[in-house]
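**Q** Using this note's numbering, you'd call the opening residue of the sequence shown number 315 and step up by one each time.
First, the structure itself, so that you have it in front of you.
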Amino acid sequence: MDTEISLYAPAKINLTLDIKGKRPDGYHELESVMHQISLFDQVSIRAIPDGLQVYCDHPQVPQGEDNLAFRAARILLQKVEKKAGLEIKIKKNIPVGAGLAGGSTDAAAVLIGINKFLGLGLSSSELMELGAGLGSDIPFCIQGGTALARGRGEILTPLSRGPVLQLLLVKPDFSLSTAEIYGRFRMENVETHPSTERFLQAWTQCDIINVGQSMSNVLETVTLSLCPEIARIKEKMLEFGAIQAVMSGSGPTVAGVFLDAGTARDAYALMKNYYEEVFLASSFFGGDENGT
Ligand code: C5P
């Protein structure tokens with residue numbers, strides 16, 4: 315057995331996010347295209363004599379039991395009734411509280427990583443089911459690639475590879491609580507819902523212009539009035555050459571889609587004059603890097 319395993323945990327953006335209604339369990343019924351991107355945390359797992367320890371190098375991320383990755387490790391070990399000594403270290407590159415599934419992807423990497431490290435032999439769908447109990451985005455982070463998500467976000471239909479998107483991400487200098495943004499959502503404030511059908515058609519045809527034009531997120535009806543900075547970032551993205559700019563998840567990060575990497579790089583340089591947390595990324599289609 316290896317003494318240590320290291321995995322890349324990719325961020326996700328929502329290319330579309332529509333809400334169909336409120337569910338009896340308090341969650342919202344989603345229809346959203348989720349897309350993994352080349353912005354990664356790094357998760358390493360190693361054997362220690364006893365106990366479960368989680369460390370993260372980011373001051374805003376809780377250590378130990380309050381960390382989602384810790385809970386993921388514990389629930390997996392409980393399921394297989396195994397007492398293993400494990401130390402988990404998380405190196406954060408994905409901004410925290412950003413709408414990029416940073417916490418969920420670390421938890422997903424922990425489930426995938428421990429399953430591999432200890433040779434537990436659980437299937438991806440078993441890991442996804444375990445993950446769904448901890449957070450709505452975790453099953454997608456385990457499956458990877460691009461998928462149409464329904465239900466709370468855990469019912470997934472994988473999509474074909476689609477076009478490679480050149481992306482610029484900008485996170486303003488504040489974080490948003492997912493629960494609070496969903497809690498403030500009012501269906502009557504939505505004027506236009508995303509057309510998932512139109513998006514999927516453009517996606518299948520690798521038609522980047524129409525992919526861009528079909529991107530939208532109904533949670534912007536909450537955040538644009540609450541945090542005007544998000545609207546300013548969207549405007550700047552378009553001014554700097556993006557074909558579309560949409561908030562990811564419950565925000566506040568805005569993802570801009572560009573026709574080519576050069577324009578995205580120029581926009582990155584301009585955006586850095588205004589914001590600290592700016593990232594270039596592109597579509598990530600899985601493989602060895604996410605440990606699956
Ligand atoms: O599942 P997760 O813990 O990531 O969700 C955080 C919060 O976001 C939930 O407690 C809920 O308030 C809200 N949410 C929702 N509908 C969803 C997903 C999340 O209302 N489909």
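Every residue, glycine too, gets a C-beta built ideally from N, C-alpha and C.
Values in this document were obtained by computation on a predicted structure and should not be read as measured data.
Where does the unbroken alpha helix (DSSP H) through residue 429 begin, and where does it stop?
**A** Here the alpha helix (DSSP H) through residue 429 covers 416-431.
**Q** Answer yes or no: do residue 476 and residue 321 have a C-beta to C-beta separation smaller than 7 Å?
**A** no
**Q** Quick one, what's near the ligand C5P if you take every residue whose CB is closer than 6 Å to any heavy atom, in chain order?
**A** Having a Cβ closer than 6 Å to some heavy atom of the ligand C5P are 341, 342, 344, 449, 450, 451, 466, 467, 492, 493 and 496.
**Q** Do the CB positions of residue 348 and residue 461 come within less than 7 Å of each other?
**A** Judged by their CB atoms, residue 348 and residue 461 are nearer to each other than the 7 Å cut-off.
**Q** For residue 505, which of helix, strand or coil comes out of DSSP?
**A** coil
**Q** Put residue 531 into one of helix, strand or coil per three-state DSSP.
**A** strand
**Q** Grouping DSSP H, G and I as helix and E and B as strand, with all else coil, what is residue 605?
**A** Note on residue 605: pLDDT 42, under 50, position unreliable in the model; the coordinate value appears next. Of the three classes helix, strand and coil, the one that applies to residue 605 here is coil, per DSSP.
**Q** Suppose contacts are defined by Cβ-Cβ distances below 7 Å. Is residue 555 in contact with residue 535 by that definition?
**A** no
**Q** Decide if residue 520 is buried, meaning its Cβ has at least 16 other Cβ atoms within 10 Å, or exposed.
**A** Residue 520 is exposed by the Cβ-count criterion.
**Q** State the Cα-Cα distance for the pair residue 485 and residue 409, rounded to the nearest angstrom.
**A** About 8 Å.
**Q** Just how far apart, CA to CA, sit residue 548 and residue 571?
**A** Each residue's CA atom was taken as its position, placing residue 548 and residue 571 some 11 Å apart.
**Q** If contact is defined by three or more beta carbon pairs under 8 Å, each pair taking one atom from either stretch, is the stretch 497-514 in contact with the stretch 579-599?
**A** no
**Q** Check the DSSP bridge columns for residue 401 and list the partner residues they point to.
**A** BP columns for residue 401 point to 360 and 367.
**Q** Please state whether the Cβ-Cβ distance between residue 465 and residue 451 is less than 7 Å.
**A** no
**Q** Can you list, in chain order, the residues of its chain with a C-beta nearer than 7 Å to that of residue 456? Leave out the 5 residues immediately preceding and following it.
**A** 422, 425, 426, 438, 441, 442 and 445
**Q** Would you be able to state if there are at least three C-beta pairs under 8 Å between the stretch 537-546 and the stretch 336-353?
**A** Taking 8 Å as the limit for Cβ pairs, the verdict is that the stretch 537-546 does not touch the stretch 336-353.
**Q** Please determine, among 340, 324 and 323, the residue with the shortest C-alpha to C-alpha distance to residue 496.
**A** 340
**Q** Please report how far the alpha carbon of residue 327 lies from the alpha carbon of residue 398, in whole angstroms.
**A** 34 Å
**Q** What do you get for residue 619, buried or exposed, if any count of 16 or more other CB atoms within 10 angstroms of its CB means buried?
**A** What the structure shows of the chain is the stretch from 315 to 606, and residue 619 is not part of that stretch, so it cannot be assessed.
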